[in-house]
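Q: Submitted below is the structure of interest, expressed as C-alpha cells.
Numbering (this note's numbering), first residue to last: -10 to 251.
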C-alpha cells in the first residue's frame, strides 16, 4: 500500500495545523481497511493524532463484524489516539465522535439523528457509521482507533440490493453540491474540538448533547444484546455511555447491543 500526495491530501493536511489533537495525515487510494491499517500501526510508535483516509477499501467493516460498503465518493477515515484512559472508557469515544459528526453533517441536512451506539441517520436511513477499537497492554490502553464512514453520494449504479432500504447519502438531502474536501476538514475540526472537551471535562459534558439528537430519546425500542431482545423505553444515557431502558418499571443498563425502533 502506498501513501499518496494529492491536492486532496495537501488541503486536509494543511487544515490539521490549526487543530490541537490531530497532527499527521496519511492518504491511501486503495487499502484493505483504514481501521486495520491503524491497528497495524498501533503495534509500532505511531503518534497520537494520526489520521488515515482512503478512497476505496477492499475489507471495510463496521461494528459486530459487519461489512461496510465503501462506494465511490464515500468518506472513510480512521483516527489514532493514545489517551490516558482506563480500558472501560474508550467506548465512550464512539459517542463523542457521533456528536462531532452530527454537528458537522447538520450543516448539510437538518435531520441528522444519532442511533445508539454508533450510527447517524437521515429520515431513519443510515448515512454514517462509527467503529471504535483499542489495543491494550496489561490493563493499560495503548491506543484507540476511531473509524468513521460517511456516504456522501449515492453510487452511480445504486446501492447494493441487500442494504438499499436501510442506507442513504448526504448529497441526496442537500440542495448544494458537497465538497468532499470541505466536509472532511469540517469533520476533523469538529472531532478535534469534541475530543478536547471530552478530555478536559469528561463524558458528562458530551452526554446531554448526544441525548438531544438521539432518535429514540423517550421512545419505545427493542434492543438485541447478543443473547436476547429487550423491549422498553429509552430514558437516558448514563455517564459511562450505557443506554438506560425502562422495562415495565425496571431500569436496565445496556452496555452493548443493537437498537430497533418500534
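We put the beta carbon where it would ideally sit given N, CA and C, even for glycine.
Quantities reported herein were computed from a predicted structural model and do not represent experimental measurements.
Is the beta carbon of residue 137 less than 8 Å from the beta carbon of residue 66?
A: Yes, Cβ-Cβ distance for residue 137 and residue 66 is below 8 Å.
Q: Using DSSP with H/G/I as helix, E/B as strand and the rest coil, what is residue 121?
A: DSSP places residue 121 in strand when its eight states are reduced to three.
Q: For residue 220, which residues in the same chain have their Cβ closer than 6 Å to its Cβ, ignoring the five residues on either side in sequence?
A: 211.
Q: When we look at the beta-carbon of residue 6 and count the other beta-carbons within 10 Å, is it buried (16 or more) or exposed?
A: When all chains shown are included, residue 6 counts as exposed.
Q: Cβ of residue 227 less than 8 Å from any chain C Cβ?
A: Judged by its chain identifiers, the structure shown contains no chain C, having just a single protein chain.
Q: Assess contact between the stretch 124 to 135 and the stretch 69 to 86, defined as three or more Cβ pairs (one per stretch) separated by less than 8 Å. Is contact present?
A: Yes: the two stretches touch, three or more of their Cβ pairs being nearer than 8 Å.
Q: What are the residues that DSSP puts in a beta bridge with residue 104?
A: According to DSSP, which records beta bridges pairwise, residue 104 is partnered with 108.
Q: Let me check understanding here. Comparing Cα to Cα, which of 191, 96, 125, 113 lies closest to residue 165?
A: Closest option to residue 165, Cα to Cα, is 96.
Q: Below 8 Å, how does it come out for the stretch 175 to 188 and the stretch 84 to 92: are there three or more Cβ pairs, yes or no?
A: Output reads yes: the stretch 84 to 92 touches the stretch 175 to 188.
Q: Assuming contact is defined by CB atoms lying nearer than 8 Å, are residue 225 and residue 199 in contact in what I supplied?
A: Cβ distance not < 8 Å, so residue 225 and residue 199 don't count as in contact.
Q: Taking the alpha carbon of residue 229 as the reference point, which residue from 144, 98, 84 has its own alpha carbon closest?
A: For residue 229, the nearest C-alpha among the options comes from 84.
Q: Taking all protein chains shown into account, decide if residue 187 is buried (16 or more other Cβ within 10 angstroms of its Cβ) or exposed.
A: Buried, by the Cβ-count rule.
Q: Are there 16 or more other CB atoms within 10 angstroms of the CB of residue 26, so buried, or fewer, so exposed?
A: Buried, because 16 or more other Cβ atoms sit within 10 Å of the Cβ of residue 26.
Q: Assign residue 29 to one of two classes, buried (16 or more other C-beta atoms within 10 Å of its C-beta) or exposed (fewer than that).
A: Counting Cβ neighbours within 10 Å, residue 29 comes out exposed, since fewer than 16 surround it.
Q: Would residue 16 be called buried (16 or more neighbouring beta carbons within 10 Å of its own) or exposed?
A: Buried, by the Cβ-count rule.
Q: Could you name the residues of the same chain whose beta carbon sits closer than 8 Å to that of residue 204, not counting the 5 residues immediately before and after it, in chain order?
A: Excluding sequence neighbours, residue 204 sits near 102, 103, 104, 110, 113, 250.
Q: Would you grab the beta carbon distance between residue 160 and residue 145 for me? Rounded to a whole angstrom, and I think it's under 8 Å.
A: Their Cβ separation, rounded to whole angstroms, is 13 Å, which puts residue 160 and residue 145 out of contact at 8 Å.
Q: From 45, 11, 222, pick the residue whose C-alpha is nearest to that of residue 238; which is it?
A: Checked all of 45, 11, 222; the closest Cα to residue 238 is 222.
Q: Identify every residue that forms a DSSP beta bridge with residue 129.
A: Beta-bridge pairing links residue 129 to 126.
Q: If you check the beta carbons only, do residue 156 and residue 115 fall under 8 Å apart?
A: Cβ distance < 8 Å, so residue 156 and residue 115 count as in contact.
Q: List in chain order: all unbroken alpha helix (DSSP H) runs of 4+ residues lying wholly within the stretch -7 to 19.
A: The qualifying runs are -4 to 4.
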